[in-house]
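Numbering (our numbering), first residue to last: 224 to 515.
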């Protein structure tokens, strides 16, 4: 398979490491933003579509190209597929769980945060892999890694690690593992995504609302109100999870997670549904409810 790799250094700490690993192994690649800059080129060192537009443009204008980036200190990853689309961390973790189980014979559990996708629950169940869920934050994930020695552990914000590696997120490792999965399967990343969604039998879409409040009392009241909800619009609450904040599961398979930021009077509301249209519907329902 002839894949053109493009590495967006994003002026980050992984420059001189990820690219050197590729060079030392005779792997050809193109690169951009390959210098250390304390101002990160005037942007943000975030491996998200908003800050990877040049990389996305190169991929869309190229042939069979896949893109990789890391955040400023290299512990999180950003991946762009051959169509120029951002591949979510949830998808990456699921693809790598399938790869490590099938191709490398890893045994164990999956550790994920409560804010990560139901996609991971489905894939773990179909692979007969135990699911361990933690509070949001990799310190909780790392603690679970030391306790359970999982196949892979990750969070929806773009951090992961695997069995046999350190119990801390590693963006370089994540990028290399995706290339390894593509090589083992001899498939494009888009094909691995198609395999994933076919295996899971369902796609999920996520969004988040950050609601600034005036004080911690308002945050506490919002959490209390969320816990008391029996329905949201036309969707009925079927289950509540309080590992971190309040997570409400609905009868259609959607969920929302309402949790405080921990550092300021800010409420973070995570949403997952099976369509982008339903995401917007849930946003409207949340605004009309007394959650925030």
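Glycine residues also receive a C-beta, built at the ideal position from the N, C-alpha and C atoms.
Endpoints, the beta strand (DSSP E) within which residue i is located
| i | result |
| --- | --- |
| residue 354 | 354 to 357 |
| residue 425 | Run containing residue 425: none; DSSP gives neither H nor E here. |
| residue 495 | 489 to 496 |
| residue 335 | 333 to 336 |
| residue 288 | 288 to 293 |
| residue 464 | 458 to 464 |
| residue 470 | 469 to 473 |
| residue 479 | 478 to 483 |
| residue 302 | 300 to 303 |
Among the options, the one whose alpha carbon lies nearest that of residue i
| i | options | result |
| --- | --- | --- |
| residue 445 | 317, 480, 304 | 480 |
| residue 328 | 407, 245, 344 | 407 |
| residue 486 | 270, 439, 357, 382 | 439 |
| residue 457 | 463, 473, 451, 414 | 473 |
| residue 233 | 225, 248, 269, 241 | 269 |
| residue 428 | 466, 276, 311, 299 | 311 |
| residue 511 | 468, 464, 466, 449 | 449 |
| residue 264 | 340, 226, 295, 248 | 295 |
| residue 340 | 377, 366, 372, 324 | 377 |
| residue 476 | 342, 430, 320, 465 | 342 |
| residue 297 | 368, 381, 317 | 381 |
| residue 300 | 364, 287, 272, 326 | 272 |
| residue 318 | 383, 506, 466, 244 | 383 |
| residue 459 | 478, 369, 315 | 478 |
| residue 434 | 506, 261, 330 | 506 |
| residue 419 | 316, 276, 243 | 316 |
| residue 421 | 409, 248, 324, 314 | 314 |
| residue 496 | 391, 430, 370 | 430 |
| residue 225 | 242, 251, 262, 324 | 251 |
| residue 363 | 390, 374, 385 | 390 |
| residue 373 | 401, 324, 399 | 324 |
| residue 401 | 426, 320, 366 | 320 |
| residue 241 | 399, 426, 432 | 399 |
| residue 385 | 287, 330, 261, 236 | 330 |
Residues near residue i in its chain [Cβ-Cβ closer than 7 angstroms; skip 5 each side]
| i | result |
| --- | --- |
| residue 442 | 436, 483, 488, 490 |
| residue 267 | 274 |
| residue 278 | 229, 231, 255, 290, 292, 303 |
| residue 461 | 472, 473, 474 |
| residue 326 | 407 |
| residue 508 | 455, 456 |
| residue 517 | Nothing can be reported for residue 517: it is not among the residues displayed for the chain, which extend from 224 to 515. |
Same chain only: Cβ atoms within 6 angstroms of residue i, ignoring 5 sequence neighbours per side
| i | result |
| --- | --- |
| residue 253 | 229 |
| residue 345 | 423 |
| residue 338 | 359, 379, 480, 493 |
| residue 245 | 252 |
Nonlocal neighbours in the same chain, by C-beta distance under 8 angstroms from residue i, ignoring five residues either side
| i | result |
| --- | --- |
| residue 403 | 322 |
| residue 258 | 232, 234, 238 |
| residue 469 | 446, 449, 450, 463, 480, 481, 482 |
| residue 248 | none |
| residue 466 | 337, 356, 357, 358 |
| residue 405 | 224, 226, 289, 411, 412, 415 |
| residue 367 | 334, 355, 357, 373, 376 |
Short CB-CB distance (under 8 angstroms) between residue i and chain C
| i | result |
| --- | --- |
| residue 337 | In the displayed structure, chain C is absent; only one protein chain is listed. |
Extent of the continuous alpha helix (DSSP H) to which residue i belongs
| i | result |
| --- | --- |
| residue 505 | 499 to 511 |
| residue 317 | 312 to 325 |
| residue 279 | 276 to 283 |
| residue 345 | 341 to 349 |
| residue 453 | That residue, residue 453, is in no alpha helix (DSSP H); it is neither H nor E in DSSP. |
Contact test: residue i Cβ vs the ligand FAD heavy atom, cutoff 7 angstroms
| i | result |
| --- | --- |
| residue 299 | The ligand FAD is not part of this structure, which contains no ligands at all. |
Discussion item. Threshold first: 4 residues or longer. Then list the alpha helix (DSSP H) segments lying entirely within the stretch 229 to 254, N to C.
Written reply: Counting only runs that start and end inside the stretch 229 to 254, the alpha helix (DSSP H) elements of at least 4 residues fall at 241 to 247.
Practice prompt. Would you be able to state if there are at least three C-beta pairs under 8 angstroms between the stretch 299 to 310 and the stretch 278 to 290?
Written response: Segments in contact, yes.
Worksheet item: If you scan the stretch 356 to 401 from start to end, which runs of the alpha helix (DSSP H) of 4 or more residues do you find wholly inside it?
Response: The stretch 356 to 401 contains these whole alpha helix (DSSP H) runs: 361 to 371.
Worksheet item: Does the stretch 289 to 301 come within contact of the stretch 344 to 351, defined as at least 3 CB pairs closer than 8 angstroms?
Response: When Cβ pairs closer than 8 angstroms are counted between the two stretches, the stretch 289 to 301 is seen not to touch the stretch 344 to 351, the count staying below three.
Fill in: the stretch 447 to 456 in contact with the stretch 354 to 372 per 3-pair CB rule at 8 angstroms
As far as the Cβ criterion goes, the stretch 447 to 456 does not touch the stretch 354 to 372, which means the pair count is below three.
Worksheet item: Contact between the stretch 407 to 419 and the stretch 329 to 339: three or more CB pairs below 8 angstroms?
Response: With the cut-off at 8 angstroms, the stretch 407 to 419 and the stretch 329 to 339 do not touch.
Worksheet entry | Segment contact, 8 angstroms Cβ cut-off, at least three pairs: the stretch 494 to 510 with the stretch 394 to 402 | Short answer: they don't touch.
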